[in-house]
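Below is one structure, written out as structure tokens; comments come after it.
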Amino acid sequence: MEGQVLFFRDTWAEVDLDKIANNIKAINEVLPSGTEMIAVVKANAYGHGDMQVAETALQAGASYLAVAFLDEAIVLRKKGITAPILVLGASRPEDVKLAAEKKITLTVFQEDWIKKAQDFLDQNEKLKIHIKLDTGMGRIGIRSKEELKAIESLILNDERLLFEGVYTHFATADELDSSYFEKQLERFNQMIEWLEVRPRYVHSSNSAAALRFPAASFNAVRIGIAMYGLSPSPEIEPQLPVVLKEAFSLHSRLVHVKKLQKGDKVSYGATYEASGEEWIGTLPIGYADGWIRKLQGQEVLVEGIRAPIVGRICMDQCMIRLPYYVPPGTKCTLIGRQKEEFISVNEIAQKLETINYEIPCIISSRVPRIYKRNGETIDINNSLLNK
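Going by full-length UniProt numbering, 210 is the number at position 210 of the sequence shown; the sequence numbering is gapless.
Below you can see the structure in the form of structure tokens.
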């Protein structure tokens, strides 16, 4: 497929599918025997690409997928994913017929929701259900024994509803202080004892809990951030039993290079002033791409050397102070490795005073994603490219 064009701009993200596969395999090796992995691919696989990551995760050892909304599950079905998919968030009861047709598993946590959903299911349709328990996260989920008993009774007395799973979500599994986590785990164990029937899947652990607390694995874990090679939090990273490899990197190319003299200004507001003779390069990436204005001053890698962003970041462009003249067309790395230097997702998160989860998610869809497998670059249809 020589000469195939993937995109028409000089900014792109690269996703190394081999690193995702290796992360999954490494995590699977430290999980208790018999524990299944649910790969979380919500939010376009945390900005990495839903279809490509879903296929990679399933091939690497995951047996189930999870998304946030029904829309995301339907997109995966349309793209050819046939594996089980769990919707972790709320769905509308009037949409259960579509979920049943697409063999998509829904999360339930309200008695009234079950009663309304029953009106939309045909007699011969089957809908798989996981019950969500709120053990202390305070988002969605059942909190009382009475609620759980009522919902379970409705499910067990309707042949169209298949009680496949029960789960909760930990609020502090990524913190050094495990006291609140332990309270939630104790509460979850108590609540599942209230059930008349123990379903096939019992799961509570996210990435942090799965890697730190084997007792909370039950028979399935939900792996999200760690699958992409990112630690759930910087403070627990030394405790992790596996070395995670970041799969996401972000790159651009210089489209213009100019020499400034002392006193020359750069960008909106003329906030940056050259202190002497300086080489300034322009990159075609800006806040509309998710490279937001607060990243002014963040360094970019040029020929393995750190070069700071100067002046305000524009909607579509930003400027960097080069160490010396570098020709237009030179590749620059905003996230990732060049030679001996490395800019991690965590570094960008720290600059933005946020968590690493947010960084690949905010890199907008107008930044094309390029995928690598076995050292080769593939396009969005998984065809090898000759570059």
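The beta carbon of each residue, even a glycine, is placed where N, CA and C say it ideally should be.
A quick note: this is a predicted structure, and the numbers were derived from the prediction, not measured.
*asked:* Considering only the alpha carbon of each residue, which of THR56, ASN219 and ARG212 lies closest to PRO199?
replied: Start at 1 with the first residue of the sequence shown, and residue 199 comes out as number 199. Closest option to PRO199, Cα to Cα, is ASN219.
_Taking a contact to mean a Cβ-Cβ separation below 8 Å, would you say VAL266 touches GLY336 in this structure?_
As a first step, residue 266 must be located in the sequence shown, where it is residue number 266. As a first step, residue 336 must be located in the sequence shown, where it is residue number 336. No.
*asked:* Here's the rule: buried if 16 or more other CB atoms are within 10 angstroms of the residue's CB, otherwise exposed. What is GLY141?
replied: In the sequence shown, residue 141 corresponds to position 141, counting from 1. With 16 or more Cβ atoms within 10 Å of its Cβ, GLY141 is classed as buried.
*Could you give the DSSP three-state label for TRP113: helix, strand or coil?*
Residue 113 sits at position 113 when you count from the first residue of the sequence shown. Three-state DSSP puts TRP113 in a helix.
*Taking one C-beta from the segment 224-237 and one from the segment 346-363 each time, how about it: are there three or more such pairs within less than 8 Å?*
In short, these stretches touch, since the Cβ pair count reaches three.
*asked:* So, does the segment 56-74 touch the segment 87-96, judging by three or more C-beta pairs under 8 Å?
replied: These segments touch.
*Taking three-plus beta-carbon pairs below 8 Å as touching, is the segment 157-164 in contact with the segment 181-193?*
Judged by Cβ distances under 8 Å, the segment 157-164 makes no contact with the segment 181-193, as fewer than three pairs qualify.
*asked:* Considering Cα atoms alone, identify which of ALA216, ALA215, LEU211 and GLU146 is closest to GLY224.
replied: On the sequence shown, position 224 is the one that residue 224 refers to. Per the Cα distances, LEU211.
*Pull up the DSSP beta-bridge partners for VAL87, would you.*
Here residue 87 corresponds to residue number 87 of the sequence shown, with the count starting at 1. BP columns for VAL87 point to VAL67 and LEU106.
*Look up LYS332 in the DSSP assignment and give the residues it is bridged to.*
One-based indexing of the sequence shown puts residue 332 at position 332. Checking the sequence shown, residue 332 turns out to be Cys, not Lys. CYS332 pairs with SER252 and VAL302.
*Look up ILE38 in the DSSP assignment and say whether it is helix, strand or coil.*
Position 38 of the sequence shown, counted from the start, is the residue given in the question as residue 38. Of the three classes helix, strand and coil, the one that applies to ILE38 here is strand, per DSSP.
*Below 8 Å between beta carbons: does that hold for VAL41 and ASP50?*
Indexing the sequence shown from 1 puts residue 41 at position 41. Indexing the sequence shown from 1 puts residue 50 at position 50. With contacts defined as CB atoms closer than 8 Å, VAL41 and ASP50 qualify as a contacting pair.
*asked:* Relative to the C-alpha of ASP18, which candidate in LEU176, GLU303 and ALA60 has its C-alpha closest?
replied: Here residue 18 refers to the residue found at position 18 of the sequence shown. Across the set LEU176, GLU303 and ALA60, the C-alpha of ALA60 shows the shortest separation from the C-alpha of ASP18.
*If you draw a straight line from the alpha carbon of CYS332 to that of LEU176, how long is it in whole angstroms?*
If you number the sequence shown from 1, residue 332 lands on position 332. If you number the sequence shown from 1, residue 176 lands on position 176. Distance between the alpha carbons of CYS332 and LEU176 is about 36 Å.
_Please report the straight-line C-alpha distance between MET191 and ILE155, rounded to a whole angstrom._
Residue numbering aside, residue 191 sits at position 191 when the sequence shown is read from its first letter. Residue numbering aside, residue 155 sits at position 155 when the sequence shown is read from its first letter. MET191 and ILE155: Cα-Cα distance of roughly 17 Å.
*Ordered along the chain, which non-local residues of its own chain (more than five positions away) have a Cβ less than 7 Å from that of THR35?*
As a first step, residue 35 is located in the sequence shown; it is residue number 35 there, counting from the start. Cβ within range, chain order: SER217, ASN219, ALA220 and VAL221.
*Three-way DSSP call (helix, strand, coil) for MET315 in this model*: Position 315 of the sequence shown, counting from 1, holds the residue named residue 315. MET315 sits in coil when the DSSP states are folded into three classes, being neither helix nor strand.
*Of all the options ILE85, ARG77, SER204 and ASP119, which has the alpha carbon lying nearest to the alpha carbon of ASP134?*
Residue 134 sits at position 134 when you count from the first residue of the sequence shown. ASP134 has its Cα closest to that of SER204, out of ILE85, ARG77, SER204 and ASP119.
*Where DSSP assigns a beta bridge to LEU322, which residues make up the other side?*
To locate residue 322, count along the sequence shown from 1; it is residue 322. Note: LEU322 sits in a beta bridge opposite TRP279.
*asked:* If you follow the alpha helix (DSSP H) that ARG187 is in, where does it begin and where does it stop?
replied: Here residue 187 is taken as the residue at index 187 of the sequence shown, counted from 1. ARG187 -> alpha helix (DSSP H) spans 179-192.
*Straight-line CA distance for LYS351 to PRO234?*
Here residue 351 refers to the residue found at position 351 of the sequence shown. Here residue 234 refers to the residue found at position 234 of the sequence shown. Those two C-alpha atoms are separated by around 14 Å.
*DSSP three-state call for ARG293: helix, strand or coil?*
Locating residue 293 in the sequence shown gives position 293, counting from the first residue. Reduced to three states, the DSSP call for ARG293 is helix.
*Going by Cα to Cα distance, which pick from GLN118, GLU341, LYS183 and LEU106 is closest to VAL166?*
Mapped onto the sequence shown, residue 166 falls at position 166. Ranking GLN118, GLU341, LYS183 and LEU106 by CA distance to the CA of VAL166 puts LEU106 first.
*Inspect the beta-carbon positions of VAL257 and GLY286 and report whether they are closer than 8 Å.*
As a working note, residue 257 is residue 257 in the sequence shown. As a working note, residue 286 is residue 286 in the sequence shown. For VAL257 and GLY286, no; Cβs fall outside 8 Å.
*Would you kindly report the start and end of the unbroken beta strand (DSSP E) that includes VAL30?*
Taking the first residue of the sequence shown as position 1, residue 30 is located at position 30. That residue, VAL30, is in no beta strand (DSSP E); its alpha helix (DSSP H) goes 17-30.
*Just grab the DSSP bridge partners of LEU230 for me.*
If you number the sequence shown from 1, residue 230 lands on position 230. Per DSSP, LEU230 has no beta-bridge partner at all.
*Would you mind reading off the limits of the alpha helix (DSSP H) that contains LEU98?*
Here residue 98 corresponds to residue number 98 of the sequence shown, with the count starting at 1. First-last of the alpha helix (DSSP H) with LEU98: 96-101.
*Tell me which same chain residues have a C-beta within less than 7 Å of the C-beta of residue 388, skipping the five on either side of it?*
This structure cannot speak to residue 388, because the chain is shown only from 1 to 387.
*Note down, in chain order, each residue of its chain lying with its Cβ closer than 7 Å to the Cβ of ASP316, except the 5 sequence neighbours on either side.*
As a working note, residue 316 is residue 316 in the sequence shown. Correct list, in chain order: PRO284, GLY286 and ALA288.
*If you scan the segment 141-184 from start to end, which runs of the beta strand (DSSP E) of 3 or more residues do you find wholly inside it?*
Secondary structure within the segment 141-184: the beta strand (DSSP E) runs of 3 or more consecutive residues, fully enclosed, are 161-167 (chain order).
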